[in-house]
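To start, the structure itself, in structure tokens.
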Amino acid sequence: MRLPRPLVPALCALGLLTSSPATVSARQEPPRQTKASAKKPRAAEADPMEEVRRATAVSLVNALADEARTFREPALRSRVQARAADALWGADRERASELFRRAWGEAESADAETDRRSAEERRRQGRGFAGRAPQSLRAEVLRLAARRDRALGEEFLARLDAERKETAGATESLAPAPSGGENERETSGPARRQDPTAAPPAAAKRLRLAVQLLEEGDVERALQFADPALTAVNAPALEFLARLRTKNAKAADERYAALVARAGADPAADANTASLLSSYLFTPALYVTFDAEGGSSAAQWSRDFPAPTDVPRQLLASYLNTAAAILLRPVPPPDQDRTSTGRSGWYMVIARLLPIFDRHAPDKSAALRARQAALAPDTPEGMRRGPNNAVTRGVGPEDPGNENVGDVLSRLEGAQSQAERDAVYVDAVFSARRQKDPRAEEFLNKIEDPDLRKRLRAFLDFESAQEAVREKETGEVVRLARGGSLTPIQRAWALTEAAKLSAKAEPARALELLEEALTEAKERIDPASPERASALVAIATQLVELDRPRAWEVTLDAVKAANAAAGYTGDDGRLNARLEAKNMVMATTSSAPSFDLTGIFSTLAREDLNRAVALARNFEGEGPRAVATLAIARAVLDRGEKK
1 MRLPRPLVPA LCALGLLTSS PATVSARQEP PRQTKASAKK PRAAEADPME EVRRATAVSL
61 VNALADEART FREPALRSRV QARAADALWG ADRERASELF RRAWGEAESA DAETDRRSAE
121 ERRRQGRGFA GRAPQSLRAE VLRLAARRDR ALGEEFLARL DAERKETAGA TESLAPAPSG
181 GENERETSGP ARRQDPTAAP PAAAKRLRLA VQLLEEGDVE RALQFADPAL TAVNAPALEF
241 LARLRTKNAK AADERYAALV ARAGADPAAD ANTASLLSSY LFTPALYVTF DAEGGSSAAQ
301 WSRDFPAPTD VPRQLLASYL NTAAAILLRP VPPPDQDRTS TGRSGWYMVI ARLLPIFDRH
361 APDKSAALRA RQAALAPDTP EGMRRGPNNA VTRGVGPEDP GNENVGDVLS RLEGAQSQAE
421 RDAVYVDAVF SARRQKDPRA EEFLNKIEDP DLRKRLRAFL DFESAQEAVR EKETGEVVRL
481 ARGGSLTPIQ RAWALTEAAK LSAKAEPARA LELLEEALTE AKERIDPASP ERASALVAIA
541 TQLVELDRPR AWEVTLDAVK AANAAAGYTG DDGRLNARLE AKNMVMATTS SAPSFDLTGI
601 FSTLAREDLN RAVALARNFE GEGPRAVATL AIARAVLDRG EKK
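Okay, so the sequence shown: first residue is 1 according to this note's numbering, each after it adds one.
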């Protein structure tokens with residue numbers, strides 16, 4: 001295979017590793033040691049090849065950074081140069097600073113193009129658009145640079161301040177927005193607001209970076225980035241405030257209070273605004289909204305993020321007063337309704353929030369029930385009959401018995417079609433599972449649509465497999481993996497995780513599970529799918545501690561699979577599950593670190609640097625080759641920084 005031109009210097013450096021000690025000494029010609037220089041750390045004396053390995057790693061990173069300037073994708077050009085700069089910081093700060101600035105320039109153009117495409121897609125899909133906000137490459141570059149050099153971070157922050165005016169006034173997520181495509185002007189009736197949970201792209205980028213900085217412990221800088229984006233009620237803003245409260249409750253409460261005040265003064269605020277604002281106080285990681293047909297949308301970013309228990313009474317009162325005022329506003333007639341909820345959704349939001357008012361502000365409950373009664377004629381009977389998951393989740397009264405399941409089943413009387421009956425049974429399944437009711441399987445089998453029944457079982461089994469992995473229940477993980485409802489990639493992941501759980505106590509069993517996962521990957525996953533490469537990487541990662549020679553073999557298989565799969569990047573390890581049913585969409589995305597190339601190549605490089613570099617060179621794709629090369633280099637350079 002012809003090597004990329006910029007990698008030649010790195011390969012020359014690799015020759016040092018195979019030279020004899022005499023040859024290495026002749027090439028480097030170290031100065032004579034004086035008495036002072038003789039007092040070297042023992043670690044350096046114990047491993048005279050350490051400097052050679054570091055020189056090789058530096059050469060690899062420099063060659064990759066130069067090669068990255070020719071990569072086809074602007075995003076990859078930026079990301080690789082930024083990560084190269086971060087890797088080189090301890091060895092060559094001047095070069096690293098240069099690479100950070102080059103990465104920033106690439107990120108500016110890449111972000112502009114991404115924003116343009118996202119805006120076009122949002123306009124095309126209208127209100128139904130539910131895509132994630134585009135990731136900001138500048139935010140990624142800035143995060144890495146600020147962690148290394150405060151002055152450099154301030155320089156990049158100053159460049160981002162040009163967006164401050166645009167972002168600070170970004171209340172468009174509250175304001176009416178077009179929902180149609182090119183033919184929108186020809187449609188009758190007003191356009192409804194788009195997704196009420198979404199933030200404008202510029203604000204979403206700032207808030208995502210701010211969350212990353214919070215997780216790294218840099219609260220002050222996180223607030224610098226987040227403040228201009230905390231001007232509208234949306235899920236990213238509320239997530240940031242919820243996370244901030246665990247580190248600085250006073251700062252979070254002050255900003256939430258300002259957000260509540262803005263919403264109260266905003267004429268475009270609607271029932272979904274009140275629902276979203278409730279999350280900060282009652283369901284910090286869960287956001288529930290409703291649409292004009294009464295259907296719900298629930299987004300959850302954590303399962304284990306408890307509601308605060310020390311909310312100031314004044315802050316709670318401020319929310320309750322504002323929410324009640326919004327919910328009691330005159331609802332436009334159907335032909336003039338531009339709200340995100342419509343009249344049916346407005347009814348459902350009141351139904352969700354009434355238990356909160358009953359507990360904390362009962363003086364407002366009567367007026368809210370009267371408004372709800374006025375909206376009832378515009379709300380489908382199936383939605384009004386008894387609570388459902390979206391209405392009670394997180395805010396309804398805790399009931400360890402079967403009452404919630406019974407309330408769900410009572411809606412069967414008003415179901416007019418098979419699809420409506422199936423939707424009731426879907427809700428009953430989730431209610432039963434939440435309450436650990438053994439009838440969940442019975443309700444699942446009563447779903448008449450065989451495709452829906454199959455998709456629901458697959459979704460539930462994957463959730464159960466994830467829970468079993470978290471609880472370290474190896475036998476349950478294996479049972480679900482062999483059950484037949486998981487997708488091949490989910491099954492391969494479950495088997496590798498089960499092998500990891502049993503590796504120490506039962507290494508032979510762990511190897512059997514990995515062989516089973518290997519069969520799944522090679523026989524059940526499409527050779528042209530990136531999922532095959534991801535599964536093989538996960539298997540190799542678990543084989544490292546059990547059978548090192550076999551790990552090298554499977555990693556080579558993963559490289560071949562990556563070369564056959566368009567779009568494989570090597571660092572996007574995630575598992576997705578999605579379920580669509582009548583009036584409900586549920587989607588989960590969970591990280592799968594074992595799918596990423598970084599872990600396996602870091603480990604292999606520590607065993608045999610030359611061989612790992614040769615293996616990484618076999619990647620034909622620019623992305624996976626860069627990820628593997630950086631992992632190899634960092635395995636050497638990071639160890640040196642720690643020393």
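Beta carbons: idealized from backbone N, C-alpha and C, even for Gly.
Apart from the five residues on each side of it in sequence, which residues of its chain come closer than 6 Å, Cβ to Cβ, to Val429?
-> Closer than 6 Å at Cβ, skipping near neighbours: Ala440, Phe443, Leu444.
Name the one or two DSSP bridge partners that Asn576 has.
-> According to DSSP, Asn576 bridges with Thr589.
Does DSSP put Ala191 in a helix, a strand or coil?
-> Reliability fails at Ala191, whose pLDDT of 49 lies under 50, so the model's placement of it is uncertain and the value that follows must be treated cautiously. Note: Ala191 maps to coil in three-state DSSP.
Decide yes or no for the touch test of the segment 194-214 against the segment 231-240: beta carbon pairs closer than 8 Å, at least 3 of them.
-> Contact between the segment 194-214 and the segment 231-240 is present, because at least three Cβ pairs lie under 8 Å.
Where Ser297 sits in the DSSP three-state scheme = Strand.
In angstroms, rounded to a whole number, what distance separates the CA positions of Val627 and Pro530?
-> Here the alpha carbons of Pro530 and Val627 stand approximately 15 Å from one another.
Does DSSP put Met348 in a helix, a strand or coil?
-> In the structure shown, the three-state DSSP call for Met348 is helix.
Quick one, are the C-beta atoms of Val395 and Ser431 less than 8 Å apart?
-> No. Outside cutoff.
Who does Val288 pair with in a DSSP beta bridge?
-> Note: Val288 sits in a beta bridge opposite Ala298.
At what residues does the alpha helix (DSSP H) containing Glu220 begin and finish?
-> Run containing Glu220: 219-226, per the alpha helix (DSSP H) assignment.
Please list the segments of the alpha helix (DSSP H) lying wholly inside the segment 56-139, counting only runs of 4 or more residues, in order along the chain.
-> Qualifying alpha helix (DSSP H) stretches, in chain order: 74-88, 93-125.
For Phe71 versus Val61, is the C-beta distance shorter than 8 Å?
-> It is not a contact, given that the beta carbons lie outside the stated cut-off.
Taking Leu604 and Val559 to be in contact with their CB atoms under 8 Å, please state how far apart those CB atoms are, rounded to whole angstroms.
-> Contact check for Leu604 and Val559: beta-carbon distance about 12 Å, past the 8 Å limit, so the pair fails to qualify.
For Met584, which residues does DSSP report across the bridge?
-> In DSSP, Met584 forms a bridge with Ala581.
N- and C-terminal bounds of the alpha helix (DSSP H) containing Asn321 | For Asn321, the enclosing alpha helix (DSSP H) begins and ends at 313-327.
Starting from Phe595 and walking both ways along the alpha helix (DSSP H), at which residues does that stretch end?
-> No residue range can be given for Phe595, since it is assigned to no alpha helix (DSSP H) and is classified by DSSP as neither H nor E.
Sequence-distant residues of its chain with Cβ nearer than 8 Å to Pro507 (five each side left out) | Answer for Pro507: Leu546, listed in chain order.
Buried or exposed: which applies to Phe591, given that a residue is buried once 16 or more other Cβ atoms fall within 10 Å of its Cβ?
-> Checking the displayed sequence, the identity of residue 591 turns out to be Ser instead of Phe. So Ser591 ends up on the exposed side.
For Gln336, which three-state DSSP category applies?
-> When secondary structure is reduced to three states using DSSP, Gln336 falls in the helix class.
Arg371 classed as buried or exposed, judged by whether at least 16 other C-beta atoms fall within 10 angstroms | Looking at its Cβ environment, which holds 16 or more other Cβ atoms inside 10 Å, Arg371 is buried.
Under the three-state DSSP convention, the category Tyr280 falls into | It is helical.
With respect to the alpha helix (DSSP H) encompassing Gln416, which residues constitute its N-terminal and C-terminal limits?
-> Neither: Gln416 is in no alpha helix (DSSP H) and is coded neither H nor E.
To which residues of the same chain is Pro488 closer than 8 Å at the C-beta, ignoring the five residues directly before and after it?
-> The residues are Glu520, Ala521, Arg524, Ile525, Glu531, Ala535.
Exposure of Glu497, with buried meaning 16 or more beta-carbon neighbours within 10 Å = Under this definition Glu497 is a buried residue.
CB-CB under 8 Å to His678, same chain, minus the five flanking residues each way: which ones, in chain order?
-> This structure does not reach residue 678, given that the chain is present from 1 up to 643, and the question cannot be answered.
Among Ala85, Val478, Arg457, which has the Cα closest to the Cα of Ala57?
-> The shortest Cα separation from Ala57 among Ala85, Val478, Arg457 belongs to Ala85.
Could you tell me the distance, in whole angstroms, from the CA atom of Ala265 to the CA atom of Ala324?
-> For Ala265 and Ala324, the distance between alpha carbons rounds to 13 Å.
Which one of Tyr280, Pro196, Pro332 has the shortest CA to CA distance from Phe290?
-> If we check each option's Cα against that of Phe290, Pro196 comes out closest.
If you draw a straight line from the alpha carbon of Gly573 to that of Ala538, how long is it in whole angstroms?
-> Annotation: Gly573 to Ala538 spans about 10 Å, alpha carbon to alpha carbon.
Ser296 classed as buried or exposed, judged by whether at least 16 other C-beta atoms fall within 10 angstroms | When all chains shown are included, Ser296 counts as buried.
Arg639 in three-state terms, based on DSSP | In the structure shown, Arg639 sits in a helix (DSSP, three-state: H, G or I).
Beta-carbon contacts of Glu381 that lie in its chain and below 8 Å, excluding the five residues immediately before and after | Take Glu381, set aside five residues on each side of it, and the residues of its chain with a beta-carbon closer than 8 Å to its own are Gly414, in chain order.
Assess, as a yes-or-no matter, whether the segment 133-147 is touched by the segment 98-113 under the definition of 3 or more beta carbon pairs within less than 8 Å.
-> A contact exists between the segment 98-113 and the segment 133-147.
Applying the criterion that 16 or more other CB atoms from any shown protein chain within 10 Å of the CB defines a buried residue, is Arg221 buried or exposed?
-> It counts as buried.
Thr435 - DSSP class collapsed to helix/strand/coil = Thr is not the amino acid found at residue 435; the sequence shown has Gln there. The three-state secondary structure of Gln435, taken from DSSP, is coil.
Would you decide whether Ser179 is buried or exposed? Buried here means 16 or more other CB atoms lie within 10 Å of its CB.
-> For Ser179, the predicted structure reports a pLDDT of 32, less than 50, and the residue's modelled location is therefore unreliable. The matter cannot be settled from this model.
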